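Encoded as structure tokens, the structure appears first; notes follow it.
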Amino acid sequence: MIPRVRLTAAIIAVIATATGCGSDESPDPGPAARKVTVVRGDQTYPMTAEITGWQIKPHPQVPDQGPAAFFTFQFTGDAPETVVYLQVCAVDEHRVVILCDQILSNQTNEHWIGPYPGLSRTADVLLLPDQMDPGLHAGDPKDHDGYNPPRLLSPGDQL
Numbered sequence: 001m002i003p004r005v006r007l008t009a010a011i012i013a014v015i016a017t018a019t020g021c022g023s024d025e026s027p028d029p030g031p032a033a034r035k036v037t038v039v040r041g042d043q044t045y046p047m048t049a050e051i052t053g054w055q056i057k058p059h060p061q062v063p064d065q066g067p068a069a070f071f072t073f074q075f076t077g078d079a080p081e082t083v084v085y086l087q088v089c090a091v092d093e094h095r096v097v098i099l100c101d102q103i104l105s106n107q108t109n110e111h112w113i114g115p116y117p118g119l120s121r122t123a124d125v126l127l128l129p130d131q132m133d134p135g136l137h138a139g140d141p142k143d144h145d146g147y148n149p150p151r152l153l154s155p156g157d158q159l
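If you're matching positions, the sequence shown starts at 1 in UniProt numbering and goes up one per residue.
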């Protein structure tokens, strides 16, 4: 009976892995900075993104909900994809994430993170260089190119 249970468990594990139900190993994100060159896995895009300014202040739509990080940014260059998604994080003096969001290469050049109570501790606003869009065929074993973006960072993560 035991060998049959082991065989069944092994078959289930193989099927789960083959169908994408196994552990999803997300790569570590690239180094965070105010100016980054966009990457997608091992491919470097001829595109940079830069935080051009930031400040902590109340969000004009919800000023009573605490501080928010307002920042401006710019993308220069081109990428093979129509839109590039990048993570942007407000961090404290030890580069510990307070709060993150995503920006798009085709949106206006200003964005808000928050409001969120901890944002008053913000020491910098940083970009991560990794394209967060897995592509049109993500999850399709036949057409997907295998790219898995890094996981989204959470409050408390160290950069």
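Every residue, glycine too, gets a C-beta built ideally from N, C-alpha and C.
These numbers were taken from a predicted model, which means no experiment stands behind them.
Can the beta-carbon of residue i be found less than 7 Å from the beta-carbon of residue j?
i, j, result
"G30", "V38", "no"
"Q87", "E50", "no"
"P155", "M132", "no"
"A79", "W112", "no"
"S26", "R151", "yes"
Relative to the C-alpha of residue i, which residue among the options is closest?
i, options, result
"Y116", "T52, H59, R95", "H59"
"M47", "P134, S120, L104", "L104"
"T52", "L152, T72, D143", "T72"
"G41", "K35, D28, R34", "D28"
"Q55", "F70, R95, D64, G118", "F70"
"Y85", "K142, V36, K57", "V36"
"R95", "H111, T108, D78, L119", "L119"
"R34", "K57, L99, A90", "A90"
For residue i, name the three-state secondary structure that DSSP assigns.
i, result
"P63", "helix"
"P46", "strand"
"L104", "strand"
"residue 172", "Past the boundaries of the shown model lies residue 172; the chain is included only from 1 to 159, so the question cannot be answered."
"L127", "strand"
Only counting the same chain, and skipping five residues up and downstream in sequence, which positions put a Cβ closer than 6 Å to that of residue i?
i, result
"A32", "L126, L128, L159"
"D157", "V97"
"A123", "D92, E93"
"T76", "T48"
"Q65", "P115"
Leaving out five residues on either side along the sequence, give the residues of the same chain with a beta carbon under 7 Å from the beta carbon of residue i.
i, result
"V62", "P115"
"N109", "T72, F73, Q74"
"T44", "T37"
"Y147", "R40, G41, P134, G135"
Whose C-beta lies closer than 8 Å to the C-beta of residue i among residues of the same chain, with five residues either side of it excluded?
i, result
"V83", "L104, S105, N106, D133"
"K57", "P67, A68, F70"
"L153", "P29, Q87, C89, V97, C100, L128, L159"
Q) Can you list, in chain order, the stretches of the beta strand (DSSP E) that have 3 or more residues and sit fully within the region 48-102? A) Within the region 48-102, the complete beta strand (DSSP E) runs of at least 3 residues are 67-77, 85-91.
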